[in-house]
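Visitor: Right, I'll just put the structure down here and ask away after.
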Amino acid sequence: MQASGRVCTLKPNRIGLAFIALAIVMLLAAINYGNNLVFFISFLLIALMGNSAWQTRRQLRACTLHLGDIPPRHAGDSGSWSIRIESSMTNPALTIRPLDDTPAPTLIRNVQAGVPCPCSLTLASRSRGYHSAPDVEIATNYPIGLWTARCRFSPSGVMQWVYPRLHGSLPLPGTAGENKSPEHPNPAPLTQTEFDHLRAYVPGDPLAHVAFKQWAKTGNLVTRQHAAESGIGREYVLDFNQIPGQTEQRLEQLAAWIVELSVHQAPYILRLPGQPDHPGLGAEHQRRTLEVLTRFRLAQHPYTQGEGS
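So, in structure tokens, the structure goes:
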């Protein structure tokens with residue numbers, strides 16, 4: 000995605016201000032003493048100052064930013080954002096940094112004309128939520144170093160998932176067969192020919208069992224299973240109401256369980272108040288359930304601004 004919303008500024012830096020002061024002093028001295036050589040040098044410095052301002056601004060105008068997606072991360076962890084810089088002009092001293100809540104390291108890149116320059120920005124840690132990406136600033140004082148030009152890009156449409164923190168020491172809960180209740184009874188047994196379950200595709204699965212319609216909709220290859228194979232009743236039940244503590248503590252424990260079960264490819268059911276059960280297994284199910292946890296009661300979270308940054 001190409002960054003939009005470019006806002007550019009141009010200001011003299013400390014060296015540039017000293018340069019301007021020197022030119023003014025020399026011009027006043029030339030006027031006072033009528034020295035043609037000092038006049039010539041003064042006007043030369045003024046011309047150099049004006050021309051360098053145009054050249055410095057032109058360097059940034061030649062730059063284009065291409066923004067990648069921000070990988071999901073957990074609350075408290077710093078993020079990484081892949082960005083590609085392209086320019087029609089060579090610039091050996093281009094700096095780039097995210098304008099995030101916390102000061103981040105500024106990267107200095109040597110950008111060659113017509114050659115894409117990839118870089119990875121470090122993003123500040125955030126609280127749980129679905130945040131917009133921060134603005135990105137590129138700056139340069141090339142070619143002479145008297146002016147500093149800055150351009151601020153607004154990455155509209157780029158979002159960042161910040162999942163609940165992975166924290167909790169409770170043991171894994173029981174499976175669905177061990178947690179029968181009037182509200183969530185176990186499903187009735189199915190016959191060997193009835194398919195009732197989707198799981199992640201494993202190389203070697205029969206093509207007749209592959210759910211190609213699901214693949215066409217979501218892009219994820221899954222396999223249909225019947226009850227005898229899918230382990231219905233043996234999924235771990237991750238129930239929000241069965242965990243002690245405040246909302247964030249419960250979500251952190253659920254997130255830790257989800258990651259642990261996904262590593263072992265174990266099926267599980269995520270159960271949250273006011274929502275239908277979320278059964279499944281695999282990487283795609285892990286992503287969906289972590290996103291559900293991220294959005295759960297988001298308005299009640301005191302440190303999250305929801306969709307904004």
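Numbering follows numbering that gives the first Met the number 0, with no gaps: position 199 of the sequence shown is 198. Virtual Cβ for every residue (Gly too), placed ideally from N, Cα, C.
For Gln-241, which residues of its own chain have a beta-carbon under 8 Å away from its beta-carbon, when the five flanking residues on both sides are left out?
Guide: Pro-172
Visitor: Between the Cα of Ser-51 and those of His-130, Ala-20 and Tyr-141, spot the shortest distance and give me the residue it belongs to.
Guide: Tyr-141
Visitor: If the criterion is Cβ atoms closer than 8 Å, does the pair Ile-107 and Thr-94 meet it?
Guide: yes
Visitor: Given that a residue counts as buried once 16 or more other Cβ atoms are within 10 Å of its Cβ, and exposed if not, what is Ser-168?
Guide: Counting the other Cβ atoms within 10 Å of the Cβ of Ser-168 gives fewer than 16, which makes it exposed.
Visitor: Mind checking who Ala-138 pairs with in its DSSP beta bridge?
Guide: Thr-94 and Arg-149
Visitor: Taking DSSP as the reference, what is the three-state secondary structure of Ile-268?
Guide: strand
Visitor: Helix, strand or coil: which one does DSSP assign to His-263?
Guide: Of the three classes helix, strand and coil, the one that applies to His-263 here is coil, per DSSP.
Visitor: Answer with buried or exposed for Ala-227, where buried requires no fewer than 16 other C-beta atoms within 10 angstroms of its C-beta.
Guide: Because the pLDDT of Ala-227 is 42, which lies under 50, any placement of that residue in the model is unreliable, and the number read from its coordinates should be weighed accordingly. So Ala-227 ends up on the exposed side.
Visitor: Count the other CB atoms, across all protein chains shown, that sit within 10 Å of the CB of Leu-16; report buried if there are 16 or more and exposed otherwise.
Guide: exposed
Visitor: Taking the beta carbon of Met-25 as the centre, do at least 16 other beta carbons fall within 10 Å, making it buried, or is it exposed?
Guide: Met-25 comes out buried.
Visitor: Out of Thr-121, Pro-163, Arg-5 and Tyr-32, point me to the one whose CA is closest to Thr-246's CA.
Guide: Of the listed residues, the one whose Cα sits closest to Thr-246 is Pro-163.
Visitor: Check whether the region 131 to 151 touches the region 53 to 69, taking contact to mean three or more Cβ pairs, one atom from each stretch, closer than 8 Å.
Guide: yes
Visitor: For my contact list, Gly-128 and Thr-293 are in at a C-beta cut-off of 8 Å; report their separation, rounded to the angstrom.
Guide: 7 Å
Visitor: What are the residues that DSSP puts in a beta bridge with Met-158?
Guide: Ser-131
Visitor: If you compare alpha carbons, which of Ile-137, Tyr-32, Phe-239 and Lys-212 is closest to Thr-8?
Guide: Ile-137
Visitor: Tell me whether Phe-211 is buried or exposed, calling it buried when 16 or more other Cβ atoms sit within 10 Å of its Cβ.
Guide: exposed
Visitor: Give the straight-line distance between the Cα atoms of Asn-185 and Glu-259, rounded to the nearest whole angstrom.
Guide: Only weak support exists for where Asn-185 lies, its pLDDT of 43 falling under 50; the value from the coordinates is given anyway. Those two C-alpha atoms are separated by around 24 Å.
Visitor: Can you check whether the CB of Phe-38 is closer than 8 Å to the CB of Ala-29?
Guide: yes
Visitor: Hey, would you say Ser-79 sits closer than 8 Å to Ala-123, going by beta carbons?
Guide: Contact: no.
Visitor: Straight-line CA distance for His-284 to Ser-153?
Guide: 32 Å
Visitor: Hey, how far is the Cα of Gln-159 from the Cα of Arg-233?
Guide: 34 Å
Visitor: Can you list, in chain order, the residues of its chain whose CB lies under 8 Å from that of Ala-22, leaving out five sequence neighbours each side?
Guide: Counting only Cβ-Cβ distances below 8 Å, and skipping sequence neighbours, we find Ser-41, Leu-44, Ile-45 and Met-48.
Visitor: Taking the DSSP output, what are the residues bridged to Lys-10?
Guide: Thr-147
Visitor: Could you name the residues of the same chain whose beta carbon sits closer than 6 Å to that of Leu-250, not counting the 5 residues immediately before and after it, in chain order?
Guide: Pro-163 and Leu-292
Visitor: Could you tell me which of Trp-256, Leu-98 and Ile-257 sits nearest to Ser-131, measuring between CA atoms?
Guide: Leu-98
Visitor: Verify whether the separation of the beta carbon atoms of Ile-257 and Leu-289 is less than 8 Å.
Guide: yes
Visitor: Residues in its own chain within less than 6 Å of Ser-309 by CB, not counting five upstream and five downstream?
Guide: Since the displayed the chain opens at 0 and closes at 308, residue 309 lies outside it and no answer follows.
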